[in-house]
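Chains as they are written, first to last, in the working numbering: chain A, 25 to 139; chain B, 852 to 966.
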C-alpha cells in the first residue's frame, strides 16, 4: 500500500511560490502521482499528474525525483483563490481496478493564502 | 459540457429514516465512484462501478447502504435506515475508465444531516 504523507497545513502570501511536498516511500513501479484540489463545498478537482521528473501545466508544476519516493507540487505566484485543500494520491490502474488502494485521498494539505 | 450532476445538494432527515442520492456522470464516462467525506477528512471510496457492474464495494457498509447503476449511466446511493454517524458529504465522481491515471471529475456532493 503506497501510503502518502503530507503536511496538514501551510500558510503563504499572495504572489509567492508555494511548494507542497508529499512523501510516498512505498511507491510501486507502475504508480502514478496525482494531485487534486478541493475548495469548500465543492468536490475535488484534478490539478496535475506525473510519473517521473517534471510535469508542468497551466496551473502547476510537479517535481518527482529519481527515486520517486516523494513529489512536490509547485504553485507559482499564488493568489487568495488558491486557498484550498490539496491531496496527493499514489496508485496505478491495476490497483485502482483491484481495490481501493489507489483511491485513498488522505487528509490533504490545507493551504491558506494571505493578502 | 455538463459536469457530474448530483441531487439533492442538501438533505436533512431524522435517524432511522431512508435517504437516497442521485448522480448523473459525464456523458461517455464508464467508471462511476461514490465517496463519503467527513468534515476535515479526505474523500473515502464507498463503491466503484465499471459500466453497470460494481467492481469495488469493499468499503460499502452493506447492512444499510446500497447502490445501483442501471444501464451503466446514472446511479443511486441509498441508506436505510440512516444513523447519526452517516452525516457527511456524499460525492459522486466519474472517469473515462478505471485507474488512478484517469482523471476523476467530481460532482458538488450531497450534504446529509441526520438528526
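For each residue, glycine too, the CB sits at the ideal point set by N, CA and C.
Please read all numbers here as calculations on a predicted model, not as lab measurements.
Closest residue to residue i among the options (Cα-Cα distance)
i                      : options                       : result
residue 875 of chain B : B/966, B/940 and B/902        : B/902
residue 127 of chain A : B/870, B/854, B/863 and B/899 : B/899
residue 82 of chain A  : A/52, A/70 and A/88           : A/70
residue 865 of chain B : B/931, B/916, B/921 and B/909 : B/931
residue 63 of chain A  : A/107, A/38 and A/30          : A/107
residue 859 of chain B : B/955, B/940 and B/913        : B/940
residue 912 of chain B : B/897, B/942 and B/936        : B/897
residue 28 of chain A  : A/39, A/84, A/90 and A/52     : A/52
residue 870 of chain B : B/949, B/942 and B/915        : B/915
residue 905 of chain B : B/935, B/949 and B/936        : B/949
residue 953 of chain B : B/935, B/881 and B/910        : B/881
residue 129 of chain A : B/936, B/935, B/889 and B/853 : B/889
Range covered by the beta strand (DSSP E) that runs through residue i
i                      : result
residue 857 of chain B : 856–858
residue 948 of chain B : Neither: residue 948 of chain B is in no beta strand (DSSP E) and is coded neither H nor E.
residue 872 of chain B : 870–875
For residue i, the three-state DSSP class (helix, strand or coil)
i                      : result
residue 883 of chain B : strand
residue 123 of chain A : A caution first: residue 123 of chain A carries a pLDDT of 40, below 50, which makes its placement in the model unreliable, though a value can still be read off. It is coil, neither helix nor strand.
residue 935 of chain B : helix
residue 74 of chain A  : strand
residue 922 of chain B : helix
residue 914 of chain B : coil
residue 105 of chain A : helix
residue 905 of chain B : strand
residue 136 of chain A : strand
residue 862 of chain B : strand
residue 92 of chain A  : coil
residue 889 of chain B : coil
residue 99 of chain A  : strand
residue 63 of chain A  : coil
residue 966 of chain B : coil
residue 79 of chain A  : strand
residue 39 of chain A  : coil
residue 115 of chain A : strand
residue 131 of chain A : coil
residue 954 of chain B : coil
residue 32 of chain A  : coil
residue 47 of chain A  : strand
residue 53 of chain A  : coil
Residue i beta carbon near the ligand NAD (any heavy atom closer than 8 Å)
i                     : result
residue 93 of chain A : Among the components of this structure there are no ligands whatsoever, and the ligand NAD is therefore not found.
Distance CB(residue i)-CB(residue j) smaller than 9 Å
i                      : j                      : result
residue 92 of chain A  : residue 35 of chain A  : no
residue 960 of chain B : residue 857 of chain B : yes
residue 67 of chain A  : residue 944 of chain B : yes
residue 963 of chain B : residue 872 of chain B : yes
residue 60 of chain A  : residue 104 of chain A : no
residue 920 of chain B : residue 887 of chain B : no
residue 136 of chain A : residue 88 of chain A  : no
residue 47 of chain A  : residue 94 of chain A  : yes
residue 947 of chain B : residue 879 of chain B : yes
residue 918 of chain B : residue 907 of chain B : no
residue 80 of chain A  : residue 109 of chain A : no
residue 885 of chain B : residue 926 of chain B : yes
residue 956 of chain B : residue 877 of chain B : yes
CB contact below 9 Å: residue i versus chain D
i                      : result
residue 884 of chain B : Among the protein chains in the structure shown, which are A and B, there is no chain D.
For the segment 891–901 of chain B and the segment 70–85 of chain A, state whether three or more C-beta atom pairs, one from each stretch, are separated by less than 8 Å. Segments in contact, no.
Three-pair Cβ contact test at 8 Å for the segment 98–114 of chain A versus the segment 41–54 of chain A: Taking 8 Å as the limit for Cβ pairs, the verdict is that the segment 41–54 of chain A does touch the segment 98–114 of chain A.
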